[in-house]
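Quick note on UniProt numbering: the sequence shown kicks off at 1 and runs consecutively.
For each residue, glycine too, the CB sits at the ideal point set by N, CA and C.
One structure is given here, and the rest of the page talks about it.
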Amino acid sequence: MDWKLELVAVPVSDVDKAKAFYAEQVGFNADHDHEVSEEIRFVQLTPPGSGCSIAIGRGVTEAEPGSVEGLQLVVSDIHAAHAELSGRGVDVSEVQEFPWGSFVFFADPDGNRWAVQALPNRG
Numbered sequence: 001m002d003w004k005l006e007l008v009a010v011p012v013s014d015v016d017k018a019k020a021f022y023a024e025q026v027g028f029n030a031d032h033d034h035e036v037s038e039e040i041r042f043v044q045l046t047p048p049g050s051g052c053s054i055a056i057g058r059g060v061t062e063a064e065p066g067s068v069e070g071l072q073l074v075v076s077d078i079h080a081a082h083a084e085l086s087g088r089g090v091d092v093s094e095v096q097e098f099p100w101g102s103f104v105f106f107a108d109p110d111g112n113r114w115a116v117q118a119l120p121n122r123g
């Protein structure tokens, strides 16, 4: 049996601002935006090529906005990812090289922190 992680809740304070950041700046696909009630709004966004999405909204999680750390995306070309993010206006770190891969880092408007990794060649 497969056990697939397919949705991660990311706590935000301003749903529209966060949706615009993830969709317009980071480049995630905006899959759903559904207002269930005055208390619940569910927005699902998916990184291109990913089997896992994030959920933001009202009533999605009780975690404090900005409290998520360690979210990680994996790309084939860290320099292209850096250029794309910075070109879209994301405040992204410079490329950092480690034995376990190359990384750039960024945060959403609330401070939820992301890493983008390109795996090292395993030649």
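Judged by their CB atoms, Arg41 and Gly59 are nearer to each other than the 8 Å cut-off. Along the region 60-94, the alpha helix (DSSP H) occurs as fully enclosed runs of 4 or more residues at 78-87, listed in sequence order.
A contact between stretches requires three or more CB pairs, one per stretch, nearer than 8 Å, and the region 25-41 meets this requirement with the region 81-96.
Put simply, the backbone Cα of Val8 is about 6 Å away from that of Ala55. Annotation: the continuous beta strand (DSSP E) that includes Asp31 extends over 29-35.
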